[in-house]
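There are 2 protein chains.
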Amino acid sequence: MKAPIRELADLAPLNLPRGRVAALVQDLRAEIVTGTIAPGATLVQEDLAARFGVSRMPVREAIKHLQMLGFVTVEDNKRARVAELSRDDFVEIYDMREGAEALAIRSAIPHLTNAHIEAAAAIQDRIEGVDPKGFGALNMAFHMTLYRPSGRMRLLTHVEMLFNAADRYVSMVSAGPELKAKANAEHRSLLEHCLARDTAAAEACVRKHISDARDALAQFF
Amino acid sequence: MKAPIRELADLAPLNLPRGRVAALVQDLRAEIVTGTIAPGATLVQEDLAARFGVSRMPVREAIKHLQMLGFVTVEDNKRARVAELSRDDFVEIYDMREGAEALAIRSAIPHLTNAHIEAAAAIQDRIEGVDPKGFGALNMAFHMTLYRPSGRMRLLTHVEMLFNAADRYVSMVSAGPELKAKANAEHRSLLEHCLARDTAAAEACVRKHISDARDALAQFF
DNA sequence: ATATTGAAAATTGGATACAATCTTAGATAT
DNA sequence: ATATCTAAGATTGTATCCAATTTTCAATAT
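Top to bottom, those sequences are chains A and B. Numbers 173 to 393, taken from the numbering used here, label the letters of the first sequence in order. Numbers 173 to 393, taken from the numbering used here, label the letters of the second sequence in order.
Right under this line is the structure:
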């Protein structure tokens, strides 16, 4: 009696993965990151509800969620606005990333197995492949694969939030081939330090990886 | 025509400061921090709504907010639970505080005026006064007064969140007089470093202040 | 022309009602 | 006695409706 008699019924309201709020957050996040919804644009609950075919209630919760993630700003009784971008904000995100990810790799290395490192290496292989599409997601997956074994949920959630915040900026510039090559080399050497379980070297590598990226990209804003 | 004809009407629904959600978050946060609502306890939306005299809708948003702040854990369609406490969680919070607050003081010092430092010193005077009540809030105010001039909103919000998370643990132990004296001395020397605009010394001071507190308190959990 | 005011429209905040899901207690079988 | 199943109850998720606030825009005054 494991499978109920619902087959056709499942087709219509599909891919609403247990809670439409999560789906809304993902969709809106993507539109904000790609600039489909411009910085400063207002988000009207009823419009979004109509567009996504739900009521205002899930939209409200999704907007609240996006607010906590820093994607939109909300004042009481006023319409939510997509958060503005600025050079200072970009630098702030990367400065925070440096500290948080240094702590993440430091906490993770004692728990890293070779399987973890190989998984990260496999992701790096894909990053160096031809497909430049979805670089942001792959890059985040590479880093998170190495951080996740730390088991520190607060820290991991925070790092993930910073990655998402950074995406808004990173996706705006098409990184030149020399920058990409540098980043790839740094990923490879980070993998080496992890294999050697050299905590200090790995942490320094992560710090430099991030602060160099900050300095290289900051000029674009 | 500035004042409508509502006088008695204003007395009943008073002190709901523009949005009852904020008030709910504060009240629930306080009850969780003080342990009035124990770790692991379930939060039933309708019960809370009845208790605070509102509908479930503001309660839902408050719970969602508390979730983001790490005070409660929520699974879809299940009742929210007050987050459990653990030694690992405590250490995690303090490790994150060390990195975040080091960055905060470093970013703030170039913008610090003597007025800022004097305001912090005034708060420290109160901390060293007789009244041990409200230490958590005063301590946070002292630190935030020094960090706020950095103007980095993301970072300040994050630091404040970590302070609130730490409160659940700190408020459980009654710090001995020697620990208090040590913390006060560290606050005073931090003020000195700020007056001298010695960024490196101030950052090192903050780091030690936090990591020492971590090591001193961790044993209690 | 520009600024100010006021009222209508738009929009958000909150309450109530219903649907979907989870939880619990009791019945049944082993 | 213990475990399993089932159905009723409890609880959360979503929709719809009303109230409170903000926004807009035209009318008026300067």
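Beta carbons: idealized from backbone N, C-alpha and C, even for Gly.
Closer than 9 Å to the CB of residue 353 of chain B there is not a single CB belonging to chain A. The distance from the Cβ of residue 343 of chain B to that of residue 308 of chain B is about 6 Å, consistent with a contact at the 8 Å cut-off. Taking C-beta atoms as the reference points, residue 277 of chain B and residue 363 of chain B fail to come closer than 9 Å. Within the segment 354-379 of chain B, no residue places its CB atom closer than 7 Å to a CB of chain A. Within a 10 Å sphere around the beta-carbon of residue 369 of chain B sit fewer than 16 other beta-carbons, which makes this residue exposed. Burial check for residue 267 of chain A: the Cβ neighbour count within 10 Å reaches 16 or more, so the residue is buried. Interface annotation, residue 274 of chain B: in contact with chain A, CB-CB separation under 9 Å. Residue 271 of chain B counts as buried, since at least 16 other C-beta atoms from the protein chains shown sit within 10 angstroms of its C-beta.
Contact note: residue 271 of chain A reaches chain B through 271, 272, 274 and 275, using a C-beta cutoff of 8 Å and chain order.
In this structure, DSSP gives residue 345 of chain A a state outside helix and strand, which the three-state scheme calls coil. Residue-level contact check: residue 327 of chain B touches chain A, since one or more beta carbons of chain A fall below 9 Å from its beta carbon. Secondary structure within the segment 210-273 of chain A: the beta strand (DSSP E) runs of 3 or more consecutive residues, fully enclosed, are 252-254 (chain order).
Membership of residue 383 of chain B in the alpha helix (DSSP H) is indicated by the continuous run 371-390.
Assignment of residue 327 of chain A by DSSP, reduced to helix, strand and coil, places it in the helix class. In chain order, 373, 374 and 377 place their CB closer than 6 Å to the CB of residue 365 of chain A, counting only its own chain and leaving out the 5 sequence neighbours on each side. The residues 390 and 393, in chain order, have a CB closer than 7 Å to that of residue 259 of chain A in the same chain once the five nearest residues on each side in sequence are set aside. The closest CA to that of residue 203 of chain A, considering only A/326, A/336 and A/381, is found on A/336. Counting along the chain, no alpha helix (DSSP H) covers residue 302 of chain A, and no H or E run does either. CA-CA distance, residue 312 of chain A to residue 261 of chain A, rounds to 19 Å. Between residue 380 of chain A and residue 350 of chain A, the C-beta gap is not smaller than 9 Å, which leaves the two residues out of contact. Considering only B/348, B/296, B/209 and B/299, the residue with the shortest C-alpha distance to residue 243 of chain B is B/209. For residue 227 of chain B, same chain residues with a beta-carbon under 8 Å away, outside a window of 5 residues either side, are 221 in chain order.
At the C-beta level, residue 324 of chain A and residue 279 of chain A come within 9 Å of one another. Excluding five sequence positions before and after residue 237 of chain B, the CB atoms of its chain that fall closer than 8 Å to its own CB belong to 193 and 197, given in chain order. Taking a C-beta cut-off of 7 Å against chain B, the contacting residues of the segment 303-325 of chain A are 324, listed in chain order. Nearest CB-CB separation between residue 265 of chain B and chain A: below the 9 Å threshold. Between residue 341 of chain A and residue 257 of chain A, the CB-CB gap stays under 9 Å.
Assigned with DSSP and collapsed to three states, residue 207 of chain B falls in coil, not helix or strand. Excluding residues up to 5 positions away in sequence, nothing lies with its Cβ nearer than 6 Å to the Cβ of residue 387 of chain A in the same chain.
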